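Residue numbers (the numbering used here), protein chains in the order written: chain F, 3 to 114; chain Z, 9 to 116.
From the three backbone atoms N, C-alpha and C, an ideal C-beta is built for every residue, glycine too.
From a predicted model like this one, the values you see are computed outputs, not experimental measurements.
Step one of this worksheet: look at the structure below.
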């Protein structure tokens with residue numbers, strides 16, 4: 003199984019809502035990543051978990067809150083988002099930091 | 009400054025043509041990825057390489073460490089190859105640095 007899955011595929015939320023994005027992999031990878039991608043731009047790294055501990059936070063606003071409940075799962079909790087947060091959110095995993103990354107299909111988020 | 013440049017930005021070709029996409033980077037790297045992204049879709053890792061050449065089906069990736077340059081080739085291109093191809097590198101032990109991508113369109 004070389005797949006990273008993400009749910010939901012699409013999400014529309016209001017600025018006062020609380021929602022969560024989920025990411026799962028069963029490749030035994032110990033590094034997991036959240037990226038944000040705006041249209042026609044390359045992905046931007048948000049967070050990195052290594053061995054279930056947050057190792058990198060790229061100065062992301064606190065309205066985005068990551069969580070790694072176990073080595074296979076990665077969540078991104080969303081609260082009080084702004085319309086400019088609308089983007090494709092990609093999850094990725096790798097054997098370890100700096101190894102080849104496997105990307106999920108993404109969640110397309112629209113904030114209204 | 010750690011930079012990645014891709015060329016061309018856009019490429020349109022006829023079905024069957026041989027395609028080359030180029031990637032140059034500014035300083036030494038530990039590894040380079042070639043990634044594919046279809047419109048509205050997630051990212052697929054095509055290759056990760058640190059030296060030499062890799063081949064998978066109709067795709068070939070090469071890297072020249074001395075020249076700080078990599079190429080992605082597609083032989084016998086097909087409309088389903090239409091996508092954005094992204095070069096991403098790891099400088100030292102840092103995060104992935106992405107190029108701006110090459111938008112490839114293959115016309116039947």
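{"Asked": "With a floor of 3 residues, list each beta strand (DSSP E) that falls wholly inside the segment 70 to 109 of chain Z, ordered by position along the chain.", "Found": "77 to 82, 91 to 98, 104 to 106"}
{"Asked": "Three or more beta-carbon pairs under 8 Å between the segment 61 to 74 of chain F and the segment 24 to 35 of chain F, yes or no?", "Found": "yes"}
{"Asked": "Anything in chain Z within Cβ reach of residue 102/F, meaning under 8 Å, just list it in chain order.", "Found": "39, 41, 53, 56"}
{"Asked": "Give the residues of chain Z in contact with residue 108/F, contact being defined as C-beta atoms less than 9 Å apart.", "Found": "48, 49, 50, 51"}
{"Asked": "Going residue by residue through the segment 47 to 106 of chain F, where are the continuous beta strand (DSSP E) segments of at least 3 residues, counting only ones entirely within it?", "Found": "55 to 59, 66 to 72, 75 to 81, 89 to 96"}
{"Asked": "Using beta carbons (cut-off 9 Å, strictly below), is residue 97/F in contact with chain Z?", "Found": "no"}
{"Asked": "Could you compute how far the alpha carbon of residue 65/F sits from the alpha carbon of residue 57/Z?", "Found": "36 Å"}
{"Asked": "Measure the Cβ-Cβ separation of residue 111/F and residue 89/F and say whether it is below 9 Å.", "Found": "yes"}
{"Asked": "Please report how far the alpha carbon of residue 25/Z lies from the alpha carbon of residue 111/Z, in whole angstroms.", "Found": "16 Å"}
{"Asked": "Once the 5 residues before and after residue 7/F are set aside, which same chain residues still bring their CB inside 8 Å of it?", "Found": "25, 26, 27, 106, 107"}
{"Asked": "Where does residue 39/Z sit, in a helix, a strand or coil, going by DSSP?", "Found": "strand"}
{"Asked": "In chain F, what lies closer than 7 Å to residue 106/Z by C-beta?", "Found": "44, 45"}
{"Asked": "How many angstroms separate the CA atom of residue 39/Z from the CA atom of residue 34/F?", "Found": "18 Å"}
{"Asked": "Per DSSP, what kind of secondary structure is residue 26/Z in: helix, strand or coil?", "Found": "coil"}
{"Asked": "For residue 92/F, return the contacting residues in chain Z, with the cut-off set at a CB-CB distance below 9 Å.", "Found": "50, 51"}
{"Asked": "Residue 100/Z: buried (16+ other C-beta within 10 angstroms of its C-beta) or exposed?", "Found": "exposed"}
{"Asked": "Where does residue 41/F sit, in a helix, a strand or coil, going by DSSP?", "Found": "coil"}
{"Asked": "Assuming residue 109/Z and residue 44/Z make a contact with CB atoms under 8 Å, what is their CB distance in whole Å?", "Found": "That belief does not hold up - the Cβ atoms of residue 109/Z and residue 44/Z are roughly 10 Å apart, past 8 Å."}
{"Asked": "According to DSSP, is residue 18/F part of a helix, a strand, or is it coil?", "Found": "coil"}
{"Asked": "Step through the CB atoms of chain F and report whether any lies within less than 9 Å of the CB of residue 10/Z.", "Found": "no"}
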